[in-house]
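Number of protein chains: 2
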Amino acid sequence: MAMQFQPIGVIHTPFSELQGMPIQPAGAEGVRGTVEVFEEYRPGLKDLDGFSHLILLYLFHRAEGFKLEVVPFLDCRPRGLFATRAPKRPNPIGLSIVALEKIERGVLHVRNVDMLDGTPLLDIKPYVPAFDPRTEVRTGWLEKASQGVSGRKSDDRFC
Amino acid sequence: MAMQFQPIGVIHTPFSELQGMPIQPAGAEGVRGTVEVFEEYRPGLKDLDGFSHLILLYLFHRAEGFKLEVVPFLDCRPRGLFATRAPKRPNPIGLSIVALEKIERGVLHVRNVDMLDGTPLLDIKPYVPAFDPRTEVRTGWLEKASQGVSGRKSDDRFC
């Protein structure tokens, strides 16, 4: 069973190369980009301007193939792929939460972008904290690593 | 440009029909399910057991077609599709955050499932609150509606 998806837009960011990119939106604080939604889908943007943050799902379009163990940017040891946010995945779908500034003629002006310029957009969902876990959260190997995520770039590993 | 995705597993839940389903994980508090990861992808599950919560991406496999304006479960008025979590979307990809209890032979035992039994799994990502927005969050039309989300089911609209 294969599923076919079509891009509904394109994400524009200052990052044309993987080198030097922030590795998560937390490290992309303030970085501005735009999300261009294709004309046919623009009526679906109504009411979106009431939300301060959006979840973007997109294709990691420069990721080819995958390995089931990877050494993540934030660690020195191979980790199971699904315990990381590495872009090379069986289904290379990326997820980022961005801040929405304004919407103009089908173009979303956003902050905190951490994806490559030209990234194909798959979906936009409203970010709603009430839908998130409110109980105690453990984050495994990332427990210590994620504390340093803000300043870290994609060529700047621990080891 | 079309993209082809393949399921990496299947999600099993108590919900065989859309009627009566919780509409978000917050309303599925405690509901148990299992995520069966296909054998070839199981080495990628290493290190996942350190995380208390996971992001599941999956296919809304019973959703056909889409409308760019929908009346959401939590409201009475048509809203722009992308300002909702409605399943009928141009790319019908679902996103839920579930609590992980244990992993046994490639099967994840999870809580807070809000998807249909037999849902095709696309991806698993670790849930890391440090990657989420920490600034003030506004949730538009959902501002009041989401406060009542926990007890609400898919056949139980406001209006």
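These protein sequence lines map, in sequence, to chains A and B. Every letter in the first sequence is one number past the one before it in my numbering, and letter 26, counting from 1, is 26. Take the position in the second sequence, starting the count at 1, then add 159; the result is the number in my numbering. Idealized CB from N, CA, C, for every residue including glycine. It should be emphasised that the depicted structure is a prediction, and the values quoted were computed from it without experimental measurement.
Pair within 8 Å by beta-carbon distance, A/ASP114 and A/ALA28: Numbered from its first residue, the first sequence carries residue 114 of chain A at position 114. Numbered from its first residue, the first sequence carries residue 28 of chain A at position 28. Yes, the Cβ-Cβ distance between A/ASP114 and A/ALA28 is below 8 Å.
Cβ shell of B/VAL229 (< 8 Å), same chain only, five flanking positions each side left out: In the second sequence, the residue the question calls residue 229 of chain B occupies position 70. The residues are PRO237, ARG238, LEU240, THR243, ALA245, LYS247.
Minimum C-alpha distance to B/GLU260 - residue among B/GLU199, B/PRO166, B/PRO181, B/LEU213: Within the second sequence, the letter at position 101 stands for residue 260 of chain B. Nearest to B/GLU260 by C-alpha distance, out of B/GLU199, B/PRO166, B/PRO181, B/LEU213, is B/LEU213.
CB contact check: A/GLY118 to chain B, cutoff 8 Å: Start at 1 with the first residue of the first sequence, and residue 118 of chain A comes out as number 118. Taking Cβ atoms only, chain B never reaches closer than 8 Å to A/GLY118, which makes this a no.
B/PRO181 classed as buried or exposed, judged by whether at least 16 other C-beta atoms fall within 10 angstroms: Within the second sequence, residue 181 of chain B is the residue found at index 22, counting from 1. Classification of B/PRO181: buried, given that the 10 Å Cβ count is 16 or more.
Inter-residue spacing [alpha-carbon to alpha-carbon] between B/ARG297 and B/TYR286: Within the second sequence, the letter at position 138 stands for residue 297 of chain B. Within the second sequence, the letter at position 127 stands for residue 286 of chain B. Rounded to whole angstroms, B/ARG297 to B/TYR286 spans 21 Å at the Cα level.
B/ARG221 versus A/LEU57: straight-line alpha-carbon distance, rounded: Sequence index remark: in the second sequence, residue 221 of chain B carries index 62 (1-based). Sequence index remark: in the first sequence, residue 57 of chain A carries index 57 (1-based). If I take the Cα positions, the gap works out to 20 Å.
Residues of its chain near A/ASP132, where Cβ-Cβ distance is below 8 Å and the 5 sequence neighbours each way are ignored: Residue 132 of chain A sits at position 132 when you count from the first residue of the first sequence. Contacts found: none.
Best match in B/PHE164, B/THR172, B/GLN163 for proximity to B/ARG267 [C-alpha to C-alpha]: Counting from one through the second sequence, the residue named residue 267 of chain B turns up at place 108. It should be noted that the sequence gives Leu, not Arg, for residue 267 of chain B. Comparing Cα-Cα distances from B/LEU267 to each of B/PHE164, B/THR172, B/GLN163, the minimum goes to B/THR172.
Which of helix, strand or coil DSSP assigns to B/GLU223: On the second sequence, residue 223 of chain B is found 64 positions in, with the first residue counted as 1. B/GLU223 falls in the coil class under three-state DSSP.
Beta-carbon gap between B/GLY253 and A/LEU68 smaller than 8 Å: For the purposes of this step, residue 253 of chain B is taken as the residue at position 94 of the second sequence. For the purposes of this step, residue 68 of chain A is taken as the residue at position 68 of the first sequence. Note that the C-beta distance between B/GLY253 and A/LEU68 is not below 8 Å.
Expected contact under 8 Å - CB spacing of B/PHE174 and B/LEU280 to nearest Å: The residue given as residue 174 of chain B occupies position 15 in the second sequence. The residue given as residue 280 of chain B occupies position 121 in the second sequence. In fact, because the Cβ distance is near 15 Å, the residues do not count as touching under 8 Å.
Distance between beta carbons of B/ASP208 and B/ILE262, contact taken as under 8 Å: The count along the second sequence starts at 1 and reaches residue 262 of chain B at position 103. The count along the second sequence starts at 1 and reaches residue 208 of chain B at position 49. Taking 8 Å as the upper bound for CB-CB distance, B/ILE262 and B/ASP208 are in contact here, some 5 Å apart.
Residue-level contact to chain B via CB, A/ARG138, 8 Å cutoff: Position 138 of the first sequence, counted from the first residue, corresponds to residue 138 of chain A. Yes - at least one Cβ of chain B is within 8 Å of the one on A/ARG138.
CB contact flag (A/VAL37, A/GLY118, <8 Å): Against the first sequence, residue 37 of chain A aligns to sequence position 37. Against the first sequence, residue 118 of chain A aligns to sequence position 118. Not in contact: A/VAL37 and A/GLY118 (Cβ atoms no closer than 8 Å).
Interfacial residues, the region 57-69 of chain A to chain B, with Cβ spacing under 7 Å: Cβ contacts with chain B: LEU57, LEU59, LEU68, GLU69.
DSSP three-state assignment for B/ASP276, whether helix, strand or coil: By one-based count along the second sequence, residue 276 of chain B stands at place 117. In this structure, B/ASP276 counts as coil in the three-state DSSP scheme.
Beta-ladder partner(s) of B/GLN163, from DSSP: Taking the first residue of the second sequence as position 1, residue 163 of chain B is located at position 4. Looking at the DSSP assignment, B/GLN163 forms a beta bridge with A/GLN4.
Residues of its chain near A/LEU142, where Cβ-Cβ distance is below 7 Å and the 5 sequence neighbours each way are ignored: On the first sequence, residue 142 of chain A is found 142 positions in, with the first residue counted as 1. Counting only Cβ-Cβ distances below 7 Å, and skipping sequence neighbours, we find LEU74.
Contact with chain A by B/VAL287, beta-carbon distance below 8 Å: Residue mapping note: residue 287 of chain B aligns to position 128 of the second sequence, counting from 1. Closer than 8 Å to some Cβ of chain A, the Cβ of B/VAL287 qualifies, so yes.
Cβ neighbours of B/THR111 in the same chain (closer than 6 Å, five flanking residues each side left out): Only positions 160 to 318 of chain B appear in this structure, which leaves residue 111 of chain B out of reach.
Inter-residue Cα distance where the pair is B/CYS235 and A/PRO129: Walking along the second sequence from the start, residue 235 of chain B turns up at place 76. Walking along the first sequence from the start, residue 129 of chain A turns up at place 129. Rounded to whole angstroms, the separation of the alpha carbons of A/PRO129 and B/CYS235 is 22 Å.
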